[in-house]
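Trainee: Counting along the sequence shown from 1, when you hit position 111 you're at 111 in UniProt numbering, and nothing is skipped either side. Every residue gets a Cβ at the ideal spot worked out from N, C-alpha and C, and that includes glycine. Let me begin by handing over the structure; questions about it come next.
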Amino acid sequence: MHKILSIFVLYIIVLHSYFKCVVSAIHRYSYLDLFLGIDLSTQSCKATLLDSTLAVTHSATVIFEEDLPQYNAKGGILIREGGVVVSPTLMWVEALDLLFSRLKESGVSMNLIKSISIGAQQHGSVYWKKGSRSLLTNLCSNDSLVNQLKDAFSINESPIWMDSSTVSECAALEESMGGSMKLAEITGSKAYTRFTGNQIARIAKLYPEAYENTERISLVSSFATSILCGDYVNIDLSDGSGMNLLDIRTHKWHIPCLNACAPNLYERLGDPVPTTTLVGKIHSYFVEKYGLSPSCDIVCGSGDTPCSLVGLRMNRPGDIAISLGTSNTVFALMNECKTDIEGHVFVSPLDESKFCFIILFLDTYMKLLGFANGDLPRARTCQRYANNDWNVFSQLVEQSPPGNNGFIYIDRYVPEITPDSRVCGIFMFNGDGEKVDNLSPCECCRGIIESQVLSMRLHLEKTGFNQFERLIVTGGASVNHSILQIIADVFQADVFTINVKDSASVGAGIRGYIGWLKETNPAMSNETFFDERTNDESLRKVASPNHEVKHIYDEMLLKYSKLDINYYFLCVVSAIHRYSYLDLFLGIDLSTQSCKATLLDSTLAVTHSATVIFEEDLPQYNAKGGILIREGGVVVSPTLMWVEALDLLFSRLKESGVSMNLIKSIGVSGQQHGSVYWKKGSRSLLTNLCSNDSLVNQLKDAFSINESPIWMDSSTVSECAALEESMGGSMKLAEITGSKAYTRFTGNQIARIAKLYPEAYENTERISLVSSFATSILCGDYVNIDLSDGSGMNLLDIRTHKWHIPCLNACAPNLYERLGDPVPTTTLVGKIHSYFVEKYGLSPSCDIVCGSGDNPCSLVGLRMNRPGDIAISLGTSNTVFALMNECKTDIEGHVFVSPLDENMYMKMLCYSNGDFVRTRTCQRYANNDWNVFSQLVEQSPPGNNGFIYIDRYVPEITPDSRVCGIFMFNGDGEKVDNLSPCECCRGIIESQVLSMRLHLEKTGFNQFERLIVTGGASVNHSILQIIADVFQADVFTINVKDSASVGAGIRGYIGWLKETNPAMSNETFFDERTNDESLRKVASPNHEVKHIYDEMLLKYSKLESSLSIV
């Protein structure tokens, strides 16, 4: 009986399976069918195989950087100048071959694959060369795809979504359509730099021949689909919605948009197709090479974002998905097309009668900042207040009640997309909407989550969403229950998570599956499809709303909305004050070794840069390191090398895709003290510059001295002595000009030229500093020297701001007429010359601000703008800059007029014994390990037990001393032979910092507001803490590269703004544009050690004086 029962059960199971197969056959699928989804993303190409229940059966991946290293595409991309980001098109071609090879080798039954669909990074574009259709059609399985398609593309590097080079194209498109809102109403989005239409416009403008030779433009999804079919495949409606070209209501290309972007664009795109269209069968190449069935259907590809929506099982209006990843992304399905200037509206990837509303809250290239597992503001809040422990973070969140006691905490690390705002920083508000300086750790932790979620709800409701059915949350932060509960409470909806990995490739496979089914059952609904295949394990409820807090978040949403609007108005107000976020400001630094350009936007963010390295790029001048060393201490640079470098620099900026017409002003930084000698008659050469010829050809006869003396020249010892004698001594000269006589200072260089080359000097009609020389070329006329750079000549009376005539007469005859009057530091000196307008596309209204020296410009680049600010550069040499209201001169160091405000002054101290002596101390006592060095520093107390350790490897500048060697002293000022390793390590830092404080105090500084420390040693916290303790002031570091060119750009920006708002203060300018990340506090003083360093300073002063005398 038992045996009969077993046979009966087995019979029932077999019969059940049979009937399932019969039913499956009726519905056109069986449980042996496979559906392949491919995601061609930024970093990889991923394949996911689904069975008919949507279970993943196999997967394979090609990681571009690892598997295809020959393309040198780190992270799958190539970063070019000017915001251009591309991927090698052939890398994608080769990846497809490798992916199918790996699937086959993994044992997949390739002949069971019924359909294939592609999901691919949105916005990227591929340009097929004329004649490439035949290459696709005739693909042969005996050769690789890459060999057969290597000549198929008119543009070999495909622009991708990370590209930000199309600012001017975006502006032009919006203007042609009647504004950003009008464009959004038509295409679903305002103009975005990453959107394909703007990328095409840039390609057509920069590469007209390549564009003309293009017969088809594909998105990445339709490009890969075309290879699978062996013929051009049209773009689908959903992916096409991300181009700024598709009318999302009529589902046709909007012809005025096409015409605004590029000529004859319609014929290169083909008509868009519905989202699950079967576009063909698999090409025989894949049948013969990889064993796919010739009946395998290919469904039109779509973008990775729409495919991810499908992979998350979103299929009904009211569904919302929130991805808490590198960026926060919200997907929502709706029946009506409701556009808004914020976010994007795409045609649904499953049903072209529905629409997909997508909001991006942070720019997705944030992954370049290295926070791949979570959004940066969340992560840095956790770091700051929870010691980077997410369990502690959750506990802190729970300690503050829903609504956060009315407090709102907003962290904007980068410019925001939704709402469109460039305002960056951390902002804290109380329940009345007033700014506060501090919140508790628990209020910050809850606040960062609540503000993000409130913003999501706010901008969904602006689009008409106010009933939320279910929220599907994904991404790294979706494992945190505290975050999920806040989402449930703010939205008052159930929250689900979904067990889907690689949602884009899964979604692509599902789209292929649905397209395949609908071929025989077009009436099948998407909801039915998913309901039959989604179980409780794949979609799991993880949080339900607390309805008692609904009123709290409704009220909070109103408060948050006003704050959000306030930040929007900040941007509008910015525009009222004469700038917009499309404006660019160019700073050029003509330094010893190179000519560097840095472009800033109106928030002071660097958008582009370019460099000309003299030795490498202009080798014909034989100037190693940019200089020529002659006998007798003479060091010069070829003047024409600088001229040619300017042309090459602007050429590189233009070629990098910079929108040159958006540059509003240009400021120049030049290596201080260098001088240029214009020959009589050269003014007419400048005025009549012609864009049909190069600068160097037109100015080759413009100079009476062809090799310009520079700051490294030390040949003027006798001229220095003569100048000091004529002025009554070094101290008297310092009182007048801010410095005693230095061999590198320009007045002494001019004196030498006039003495050695009287005929050349007589034939000179204008003498420029390097900064005013370059500015003169930009203006096409002689430009006067600014007060700050002019302070480094030993010629300017720094109190009257006029040339000191006795100094001029002591240096050379008739010098005044060759210099012109000095001008205030941010003076607009003219407009850009037509040469640069015609040749490089600058606007004729572009303002030129007087140039200044590299040291003053560096001060500006470091954001120093208030009296008491001090910058310490810990580099090869130590340099100290300080801003002061009064002119207090000293024989040590230099005093310059401030580069921002001619009523302020800049103190500069130079130390020749900087990094080298720190490094050799580390080598001797810490085995060249800076971590060990720091530990040794910490082992000796502040004040170093009274011991002082001085290392002079080379003669010192401050104080002026030729005494070299290592000197060790005890607390009584007596020399000792040995100190312990920890006393030597602490001692070398303390002696350097004490000397800085000593010589600043000699100039009248005794109140130190804030210290900005830069240079290689600024990463060492032990050194920073000693600086804070010795000066008894907070220490900051700043994230600025190329401070001289940045400072030049800022000076140009300020000069440009002050033309219409002369009362604007420099402090206000910087306060509005400097966030916590650009200027960061890294050390605070220990006030208990103040008396120790005050006493030590007295001892050090005596010891330093004794070393100067010896």
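Among Gly311, Pro522, Val93, Val829, which has the Cα closest to the Cα of Asn499?
Mentor: Here the question's residue 499 lines up with position 499 in the sequence shown. Nearest option by C-alpha distance: Gly311.
Trainee: Go through the region 632-710 residue by residue and report every complete run of the alpha helix (DSSP H) that reaches 4 residues or more, in order.
Mentor: The qualifying runs are 639-655, 682-687, 695-698.
Trainee: With respect to the beta strand (DSSP E) encompassing Gly303, which residues constitute its N-terminal and C-terminal limits?
Mentor: Taking the sequence shown and counting its residues from 1, the one referred to as residue 303 is at position 303. Per DSSP, Gly303 belongs to the beta strand (DSSP E) from 297-303.
Trainee: So what does DSSP say about Ala926, is it helix, strand or coil?
Mentor: Residue mapping note: residue 926 aligns to position 926 of the sequence shown, counting from 1. Note: Ala926 maps to helix in three-state DSSP.
Trainee: Mind checking Ser718: buried by the 16 CB within 10 Å criterion, or exposed?
Mentor: One-based indexing of the sequence shown puts residue 718 at position 718. Exposed, since its Cβ has fewer than 16 Cβ neighbours within 10 Å.
Trainee: Between Phe614 and Gly626, how many whole angstroms is the CB-CB distance? I'm expecting something under 8 Å.
Mentor: Here residue 614 is taken as the residue at index 614 of the sequence shown, counted from 1. Here residue 626 is taken as the residue at index 626 of the sequence shown, counted from 1. About 4 Å separates the two Cβ atoms, so the contact holds.
Trainee: Shortest alpha-carbon distance to Met968 belongs to which of Ser961, Arg952, Pro959?
Mentor: Here the question's residue 968 lines up with position 968 in the sequence shown. Of the candidates Ser961, Arg952, Pro959, the one whose C-alpha sits nearest the C-alpha of Met968 is Arg952.
Trainee: Specify the secondary structure class of Met524 as computed by DSSP and reduced to three states.
Mentor: Counting from 1 along the sequence shown, the entry for residue 524 is found at position 524. Met524 falls in the coil class under three-state DSSP.
Trainee: Quick check: the Cα distance between Trp161 and Val506, rounded to an integer number of angstroms?
Mentor: For the purposes of this step, residue 161 is identified with residue 161 of the sequence shown, where counting begins at 1. For the purposes of this step, residue 506 is identified with residue 506 of the sequence shown, where counting begins at 1. Looking at the two C-alpha atoms, the distance is approximately 21 Å.
Trainee: Suppose only complete runs of 4+ residues qualify. What are the alpha helix (DSSP H) ranges in the region 60-98, listed by chain order?
Mentor: Fully enclosed alpha helix (DSSP H) runs of 4 or longer: 64-67.
Trainee: Inspect the CB distances between the region 932-939 and the region 1014-1031 and report whether three or more fall short of 8 Å.
Mentor: Result yes; three or more Cβ-Cβ pairs closer than 8 Å.
Trainee: Using a Cβ-Cβ cutoff of less than 6 Å, which residues in the same chain neighbour His27 once the five nearest sequence positions on both sides are dropped?
Mentor: Your numbering for residue 27 matches position 27 in the sequence shown. Residue confidence for His27 is low, a pLDDT of 42 falling below 50, so the modelled location carries little weight and cannot support an answer.
Trainee: For the candidate residues Gln593, Arg766, Ser189, Leu778, whose alpha-carbon lies nearest to that of Gly681?
Mentor: In the sequence shown, counting from the first residue as 1, residue 681 sits at position 681. Per the Cα distances, Arg766.
Trainee: Pairing CB atoms from the region 244-252 with CB atoms from the region 78-90, are three or more of them under 8 Å?
Mentor: At 8 Å Cβ cutoff, the stretches do not touch.
Trainee: I think Phe496 touches Arg457, with their Cβ atoms under 8 Å apart; what is that distance to the nearest whole Å?
Mentor: Counted from its first residue, the sequence shown places residue 496 at position 496. Counted from its first residue, the sequence shown places residue 457 at position 457. Wrong, their Cβ atoms sit about 17 Å apart, outside the cutoff.
Trainee: Cα separation between Val963 and Glu956?
Mentor: Taking the sequence shown and counting its residues from 1, one reaches residue 963 at position 963. Taking the sequence shown and counting its residues from 1, one reaches residue 956 at position 956. Those two C-alpha atoms are separated by around 8 Å.
Trainee: Determine the closest residue to Met904 out of Val937, Ile891, Leu859, with distance taken between C-alpha atoms.
Mentor: Along the sequence shown, read from residue 1 onward, the residue named residue 904 stands at position 904. Comparing Cα positions, the closest option is Leu859.
Trainee: From the DSSP output, read off the bridge partner residues of Ser1056.
Mentor: Your numbering for residue 1056 matches position 1056 in the sequence shown. The sequence shown places Trp at residue 1056, not Ser. None, per the DSSP bridge assignment.
Trainee: Quick one: measure Cβ to Cβ for Thr716 and Gln749, integer angstroms, because I've assumed they're closer than 8 Å.
Mentor: Walking along the sequence shown from the start, residue 716 turns up at place 716. Walking along the sequence shown from the start, residue 749 turns up at place 749. Indeed, because the Cβ distance is near 6 Å, the residues count as touching under 8 Å.
Trainee: Have a look at the DSSP bridge pairing and note the partners of Trp390.
Mentor: Position 390 of the sequence shown holds residue 390. Answer is none; Trp390 lacks a bridge partner.
Trainee: Under a three-way DSSP split, which group does Ile832 fall into?
Mentor: Locating residue 832 in the sequence shown gives position 832, counting from the first residue. Correct three-state label for Ile832: coil.
Trainee: Are Trp92 and Phe286 close, meaning C-beta to C-beta below 9 Å?
Mentor: The count along the sequence shown starts at 1 and reaches residue 92 at position 92. The count along the sequence shown starts at 1 and reaches residue 286 at position 286. The answer is no: Cβ separation not under 9 Å.
Trainee: Compute the Euclidean distance between the alpha carbons of Phe569 and Met727, then round it to the nearest angstrom.
Mentor: Position 569 of the sequence shown holds residue 569. Position 727 of the sequence shown holds residue 727. Here the model assigns Phe569 a pLDDT of 39, short of 50, so the residue's position is not dependable and the matter cannot be decided.
Trainee: Does DSSP put Gly311 in a helix, in a strand, or in coil?
Mentor: For this step, residue 311 is matched to residue 311 along the sequence shown. In this structure, Gly311 counts as helix in the three-state DSSP scheme.
Trainee: Exposed or buried, which one is Arg652 when buried takes at least 16 other CB atoms within 10 Å?
Mentor: Residue 652 sits at position 652 when you count from the first residue of the sequence shown. The residue in question, Arg652, is buried, as its Cβ has 16 or more Cβ neighbours within 10 Å.
Trainee: Please list the terminal residues of the continuous alpha helix (DSSP H) segment that includes His481.
Mentor: Taking the first residue of the sequence shown as position 1, residue 481 is located at position 481. Residues 481-491.
Trainee: From Gly280 to Pro545, what does the alpha carbon distance come to, in whole angstroms?
Mentor: For the purposes of this step, residue 280 is identified with residue 280 of the sequence shown, where counting begins at 1. For the purposes of this step, residue 545 is identified with residue 545 of the sequence shown, where counting begins at 1. Taking the straight line from one Cα to the other gives about 47 Å.
Trainee: Hey, would you say Pro263 sits closer than 9 Å to Ala191, going by beta carbons?
Mentor: Along the sequence shown, read from residue 1 onward, the residue named residue 263 stands at position 263. Along the sequence shown, read from residue 1 onward, the residue named residue 191 stands at position 191. It is not a contact, given that the beta carbons lie outside the stated cut-off.
Trainee: Buried or exposed for Val954, please, with buried defined as at least 16 other CB atoms from any protein chain shown within 10 angstroms of its CB.
Mentor: Sequence index remark: in the sequence shown, residue 954 carries index 954 (1-based). Looking at its Cβ environment, which holds fewer than 16 other Cβ atoms inside 10 Å, Val954 is exposed.
Trainee: To the nearest whole angstrom, what separates the beta carbons of Ser41 and Gln121, a pair I think is in contact under 8 Å?
Mentor: Taking the first residue of the sequence shown as 1, we reach residue 41 at position 41. Taking the first residue of the sequence shown as 1, we reach residue 121 at position 121. About 5 Å; that satisfies the 8 Å criterion.
Trainee: Could you tell me the distance, in whole angstroms, from the CA atom of Leu699 to the CA atom of Val643?
Mentor: Within the sequence shown, the letter at position 699 stands for residue 699. Within the sequence shown, the letter at position 643 stands for residue 643. If I take the Cα positions, the gap works out to 8 Å.
Trainee: Using a 10 Å radius around the Cβ and a threshold of 16 neighbouring Cβ atoms, would you call Val770 buried or exposed?
Mentor: Here the question's residue 770 lines up with position 770 in the sequence shown. With 16 or more other Cβ atoms within 10 Å, it is buried.
Trainee: Give the single residue among Cys229, Gly197, Gly230 whose Cα lies nearest to the Cα of Ile217.
Mentor: Counted from its first residue, the sequence shown places residue 217 at position 217. The residue with the shortest Cα to Cα distance from Ile217 is Gly197.
Trainee: Is DSSP giving Cys887 helix, strand or coil here?
Mentor: Counting from 1 along the sequence shown, the entry for residue 887 is found at position 887. Three-state result, Cys887: coil.
Trainee: Would you call Ala882 buried or exposed, if buried means 16 or more other Cβ atoms sit within 10 Å of its Cβ?
Mentor: On the sequence shown, residue 882 is found 882 positions in, with the first residue counted as 1. Per the 10 Å Cβ criterion, buried.
Trainee: Could you check which residue in Ile710, Thr592, Val108, Leu662 has the C-alpha nearest to that of Leu584?
Mentor: Numbered from its first residue, the sequence shown carries residue 584 at position 584. Leu584 has its Cα closest to that of Leu662, out of Ile710, Thr592, Val108, Leu662.
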